[in-house]
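Asks: Whatever position you read off the sequence shown (first residue = 1), add 88 for the working numbering.
Every residue, glycine too, gets a C-beta built ideally from N, C-alpha and C.
The structure follows.
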Amino acid sequence: MRLFLAAAVALVVCLGSLFGETTASAVKKESAPVPPLFTGPLLTPSGHVVPRGFVNFEPYAFVNVTTGKYDDDWNSSSVPNFVNVNWQGPIFIGLTPMSDILLVPQASWNSTMGVSNLVFNDFIVEYDLALVQDTRTNKIPGVKIYIQETFPTGQYERLDPQKLGTDAGGRGTFATNVGFVITRVFHMYDDHFLALRLNPFYTFRTKVDVKGVNAYGGAKDTDARVDPGDSYGAFFGAEYNLSRHWALALDVAGSYEYKTTFKGNPGTLSSLASPEAIQFSLAPAIEYNFNASVGIIAGAWFTVAGKNSSRFASGAIAINYFGPIPTGTKYQYIQTGGGGI
């Protein structure tokens with residue numbers, strides 16, 4: 089009898105321990121936060137790379153209206169509205185687990201004072217290399233470096249004076265942009281997360297030979313070599329998910345461009361030079377993510393201050409797709425797209 093009671097007690101203890109562990113595991117599993125879904129903000133690029141076997145495609149549409157200009161004293165004045173509708177088709181293609189390549193074809197429709205034109209813009213190619221990958225199981229930030237080259241495929245010289253600059257599609261310079269991106273996703277509470285990105289950069293520009301009316305000004309008799317100023321700046325991006333599918337995003341951007349100089353004939357009653365320029369802007373947006381592969385983001389982008397630079401306001405929308413090429417396999421790292429060029 090005593091042996092039976094001892095066995096019964098042991099059985100109860102074992103069952104209690106088993107169910108207790110199972111219940112605790114269930115509670116722990118139930119309380120684990122659901123990973124967030126983000127498209128990435130409008131402007132700041134991702135600190136992650138797209139791994140081999142995957143692509144990230146995010147077509148953008150920007151409707152930008154230049155409404156004024158800032159002078160040397162940071163005061164703004166109005167100019168005739170210049171409308172630029174820009175379409176971009178950035179696609180990231182994974183090369184290795186730690187690197188990818190970005191291709192950005194783009195075109196624009198320009199309009200001002202009753203004149204309009206459809207133009208092709210400069211073509212962008214970028215190589216990204218991840219130095220550190222943040223995953224859902226570590227606590228380190230993701231870091232990538234990149235080098236981006238802008239090829240002058242857009243028209244920039246011998247423009248038609250009657251078209252008021254609407255036939256310009258580029259700047260005629262090979263622009264080399266180098267920078268890095270730091271990113272990290274923070275768990276705030278429950279299923280709410282805050283994703284942050286920081287992207288400092290520097291852009292080098294080659295000299296440009298121009299004839300006639302061009303992207304830098306000029307007149308019919310212009311024949312000169314323009315030295316566009318280099319520039320540097322930074323983007324800061326933040327995202328916060330309101331629910332599983334909805335999220336808010338904000339970009340803060342600042343840039344400084346050195347003065348532009350020239351040698352040669354600037355043209356009758358015209359100039360090709362411009363002073364140093366500074367510009368600050370914001371880009372708030374809202375996201376809806378259908379699932380881990382597809383999301384849509386829409387928002388605004390506008391200047392808040394500047395010096396010798398343009399004053400503008402833009403609306404933007406983009407659809408983000410991240411997924412495998414047919415031979416792709418499941419990947420362990422966090423993937424968030426976003427960041428217009």
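With DSSP run on the structure shown, which of helix, strand or coil describes Gln250?
Replies: If you number the sequence shown from 1, residue 250 lands on position 162. Note: Gln250 maps to helix in three-state DSSP.
Asks: DSSP three-state call for His275: helix, strand or coil?
Replies: The residue you call residue 275 lines up with position 187 of the sequence shown. Residue state, collapsed to three classes: strand.
Asks: When you compare the CB of Arg313 with every CB in chain C, is at least one pair closer than 7 Å?
Replies: Given the protein chain composition of this structure (a single chain), no chain C is represented.
Asks: Using a Cβ-Cβ cutoff of less than 6 Å, which residues in the same chain neighbour Ser362 once the five nearest sequence positions on both sides are dropped?
Replies: Within the sequence shown, residue 362 is the residue found at index 274, counting from 1. Contacts found: Thr348.
Asks: From which residue to which residue does the beta strand (DSSP E) around Arg435 run?
Replies: Because residue 435 is not part of the residues shown, which for the chain are 89 to 429, the question remains open.
Asks: Quick check on Gln444: does DSSP put it in helix, strand or coil?
Replies: Summary: the structure shown does not reach residue 444, with the chain confined to residues 89 through 429, and so no result is reported for it.
Asks: Looking only at C-alpha atoms, which of Asp216, Trp197, Ile228, Leu286 sits nearest to Val207?
Replies: Position 119 of the sequence shown holds residue 207. Nearest option by C-alpha distance: Trp197.
Asks: Cβ of Ser319 versus every heavy atom of the ligand SAH: is any distance shorter than 6 Å?
Replies: Only the bare structure without any ligand can be found here, which leaves the ligand SAH out of the picture.
Asks: Classify Leu219 as buried or exposed, calling it buried when 16 or more other Cβ atoms lie within 10 Å of its own Cβ.
Replies: By 1-based counting over the sequence shown, the position of residue 219 is 131. Burial call: exposed.
Asks: Identify, in the order they occur along the chain, each residue of the same chain with its Cβ nearer than 8 Å to the Cβ of His333, setting aside the five sequence neighbours on each side.
Replies: Within the sequence shown, the letter at position 245 stands for residue 333. Once the five neighbours on either side are set aside, the close Cβ partners of His333 are Leu125, Tyr376, Asn377, Phe378.
Asks: Which whole-angstrom value is the C-beta distance of Asp315 and Leu131, which I expect to be below 8 Å?
Replies: Within the sequence shown, the letter at position 227 stands for residue 315. Within the sequence shown, the letter at position 43 stands for residue 131. Incorrect: roughly 27 Å between the Cβ atoms, too far for contact.
Asks: In angstroms, rounded to a whole number, what distance separates the CA positions of Gly355 and Ala307?
Replies: If you number the sequence shown from 1, residue 355 lands on position 267. If you number the sequence shown from 1, residue 307 lands on position 219. Cα-Cα distance, rounded: 5 Å.
Asks: Hey, how far is the Cα of Asn152 from the Cα of Gly135?
Replies: Your numbering for residue 152 matches position 64 in the sequence shown. Your numbering for residue 135 matches position 47 in the sequence shown. Cα to Cα, the separation comes out at about 26 Å.
Asks: If you draw a straight line from the alpha carbon of Asp159 to that of Thr294, how long is it in whole angstroms?
Replies: Here residue 159 refers to the residue found at position 71 when the sequence shown is read from its first residue. Here residue 294 refers to the residue found at position 206 when the sequence shown is read from its first residue. Using only the alpha carbons, I get a separation of about 26 Å.
Asks: Between Asp188 and the rest of its own chain, which residues show a CB-CB distance below 7 Å, the 5 nearest in sequence each way excluded?
Replies: Position 100 of the sequence shown, counted from the first residue, corresponds to residue 188. Taken in chain order, the residues that qualify are Val137, Val138, Phe180, Ile181, Gly182, Asp216.
Asks: Where does Lys441 sit, in a helix, a strand or coil, going by DSSP?
Replies: There is no way to answer for residue 441, as the model of the chain reaches only from 89 to 429.
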